[in-house]
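J.: Take a look at this one; I'll ask things after.
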Amino acid sequence: MHLHLTKKGRLVHRLHKRFHKAMVEKIIDGVSKEEMDVMSKGLTNLYQFLEDLK
10 MHLHLTKKGR
20 LVHRLHKRFH
30 KAMVEKIIDG
40 VSKEEMDVMS
50 KGLTNLYQFL
60 EDLK
């Protein structure tokens with residue numbers, strides 16, 4: 010079985026990718042390396058916590 014997105018689905022996917030890119034750029038704007046390290050560690054811990062709930 011081979012599945013693919015419709016033309017509208019591909020458009021929505023591209024728009025969603027752009028949204029996430031802009032969101033991440035805005036979140037990290039003006040954030041220092043040290044702050045990025047702390048945020049990264051916190052997100053890693055959150056991810057692991059959620060994985061452990063499975």
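Per the numbering used here, the sequence shown starts with residue 10, numbered consecutively.
Quick reminder that beta carbons are idealized off the backbone N, C-alpha and C, glycines included.
Between the beta-carbon of Lys22 and the beta-carbon of Leu14, is there less than 8 Å?
T.: Note on residue identity: the sequence assigns His, not Lys, to residue 22. Yes.
J.: What are the start and end residues of the alpha helix (DSSP H) that includes Lys42?
T.: Segment Lys42 to Asp61, the alpha helix (DSSP H) holding Lys42.
J.: List the whole-angstrom C-beta distance separating Ile36 from Met45, where the pair is believed to meet the contact cut-off of C-beta under 8 Å.
T.: Contact doesn't hold; Cβ gap of about 10 Å is too wide.
J.: In the DSSP assignment, find the unbroken alpha helix (DSSP H) run with Leu20 in it and report its ends.
T.: Lys16 to Ile37 is the span of the alpha helix (DSSP H), which, as asked, contains Leu20.
J.: CA-CA distance, Lys42 and Met10?
T.: One C-alpha to the other measures close to 46 Å.
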